[in-house]
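In our numbering, the protein residues as written are 6 to 334. Glycine residues also receive a C-beta, built at the ideal position from the N, C-alpha and C atoms. Since the model is a prediction, treat every value here as computed from it, not as a measurement.
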Amino acid sequence: MMTGRFLVTGGAGYVGSHLVAALVDQGASVTVMDNFRTGHRAAVPPQARLVAADLADVEQIDAVLAEGGWQAVFHFAALSQVGESMRMPMRYLLDNAANGMRLIDSCIRHGVMRFVLSSTAALFNEPGEAPIPEDGRIDPQSAYGDSKWMIERALHWAGQVHGMRYACLRYFNAAGADPAGRLGEDHRPESHLIPLVIDAALDRRPALEVYGDDYPTPDGTCIRDYIHVSDLATAHLLALEHLDRGSVVWNLGNGAGHSVRQVIAAVERVSGLTVPHRIAPRRPGDAAVLVASSRRAQEAGWKPVHAALDEIVSTAFAWRKAHPSGYGD
Ligand SMILES: NC(=O)c1ccc[n+]([C@@H]2O[C@H](COP(=O)([O-])OP(=O)(O)OC[C@H]3O[C@@H](n4cnc5c(N)ncnc54)[C@H](O)[C@@H]3O)[C@@H](O)[C@H]2O)c1
Ligand SMILES: O=c1ccn([C@@H]2O[C@H](COP(=O)(O)OP(=O)(O)O[C@H]3O[C@H](CO)[C@@H](O)[C@H](O)[C@H]3O)[C@@H](O)[C@H]2O)c(=O)[nH]1
């Protein structure tokens, strides 16, 4: 049984809703703050309290934090598409970096000194080292990646000057769905590879466009490290425990890279269907290879339990197949 209250921004979204479910499963008292721009009310379990608010609304954030009793803030709310951030960089910097900093400031003013950030592999560029360790070279290739780095830096100063304890959890590619079938991935429009490949297989969309096959990788397509959302949720709970001892920065992935073509093959294996696809131009902002070294999190006791790509894909496939219109809202 977890005591105290937890605020989860973006808890109606894909990754956030899986953490909310994990917190609720442990008996925690959870408040979700979300503007439902990309999230869904139906992804939030009835045991959690929902506050409809935009992160830019500092007054409302202050009012919620002033209620008191908060153990920690989990900050998921963000715009999160690499490609989109290259078309509207200022929007990403304002929405992610500026709003994130205001949230941290509000936490400091209300004495909420534990903060867990959804950070990203997009801080890194091509691996000087592969897999990429936490102290790998920071070199964001997109405004999205930079917006998250700015929040990491803000947390650094909040820690140095105000004693805030923080966890920067740099997810590589979040994927899969709740193995119990309660939650899944439903972005509109969808931009993430695995649900797009699945929908192409199910004939729910036209052929998948493979963004570039001339990268310096064995099959020419980009390589990513897909990590199951439920394993990410577990990492958040572990990070929270570790904040008692100090701040943490963890790269979270399986340490195994899979190319776009390998993901297509995995969906074909799992579904028994064919994935129509064609080669399209590269997408600006994409790095060729992003694979995590999650040594720090593993040394702290984190062990992903849904690590195999086929297992990740099969949980995603099961949810998508069972929910043709996603959350339906
Ligand atoms: N999905 C991934 O592969 C991945 C990888 C690395 C990092 N991340 C990060 O993890 C977090 C969650 O990603 P996701 O895939 O679940 O995204 P998502 O879009 O499903 O969830 C984001 C949630 O935040 C809410 N939100 C967005 N802007 C808001 C605002 N200004 N005010 C209030 N609520 C707002 C949305 O409505 C949504 O519910 C993001 O911070 C993202 O950058 C995601
Ligand atoms: O229709 C598509 C969609 C994607 N891709 C490719 O598939 C890979 C994965 O793309 P996507 O699922 O969009 O994820 P990323 O761009 O790698 O970004 C995700 O992973 C990042 C961390 O690596 C997070 O920060 C982002 O929030 C999250 O969207 C990339 O090489 C894309 O070029 C295609 O070829 N065709």
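In the DSSP output, which residue or residues are listed as bridge partners for residue i?
{"i": "residue 122", "result": "80, 173"}
{"i": "residue 256", "result": "175"}
{"i": "residue 294", "result": "228"}
{"i": "residue 264", "result": "228"}
{"i": "residue 282", "result": "213"}
{"i": "residue 137", "result": "297"}
{"i": "residue 75", "result": "10"}
So, with DSSP's three-state summary, where would you put residue i?
{"i": "residue 59", "result": "coil"}
{"i": "residue 324", "result": "helix"}
{"i": "residue 287", "result": "coil"}
{"i": "residue 307", "result": "coil"}
Once the 5 residues before and after residue i are set aside, which same chain residues still bring their CB inside 6 angstroms of it?
{"i": "residue 254", "result": "139, 173"}
{"i": "residue 252", "result": "164, 170, 171"}
{"i": "residue 296", "result": "135, 136, 230, 262"}
Alpha carbon to alpha carbon, what distance is there between residue j and residue i?
{"i": "residue 190", "j": "residue 112", "result": "29 angstroms"}
{"i": "residue 287", "j": "residue 230", "result": "19 angstroms"}
{"i": "residue 304", "j": "residue 208", "result": "43 angstroms"}
{"i": "residue 41", "j": "residue 204", "result": "23 angstroms"}
{"i": "residue 221", "j": "residue 292", "result": "10 angstroms"}
{"i": "residue 66", "j": "residue 57", "result": "11 angstroms"}
{"i": "residue 19", "j": "residue 318", "result": "15 angstroms"}
{"i": "residue 330", "j": "residue 226", "result": "29 angstroms"}
How about residue i: is its Cβ closer than 7 angstroms to a heavy atom in ligand 3?
{"i": "residue 173", "result": "In terms of ligand content, the structure shown lacks ligand 3 and carries ligand 1 and ligand 2 instead."}
If I measure Cβ to Cβ from residue i and keep anything under 8 angstroms in the same chain, skipping five residues before and after, which residues do I get?
{"i": "residue 308", "result": "none"}
{"i": "residue 306", "result": "243"}
{"i": "residue 210", "result": "201, 204"}
{"i": "residue 196", "result": "86, 88, 89"}
{"i": "residue 273", "result": "206, 279, 280"}
{"i": "residue 168", "result": "118"}
Near residue i, what residues of its chain come up, given a Cβ to Cβ distance below 7 angstroms and the 5 sequence neighbours on each side ignored?
{"i": "residue 2", "result": "Missing from the structure shown is residue 2; the chain here goes from 6 to 334 and no further."}
Q: Just list the beta strand (DSSP E) runs in the stretch 173-236, keeping only unbroken ones of 3 residues or longer that don't cross its boundaries, in chain order.
A: 178-180, 213-216, 231-233
Q) Quick one: complete alpha helix (DSSP H) runs, 4+ long, within the stretch 8-55? A) 19-30
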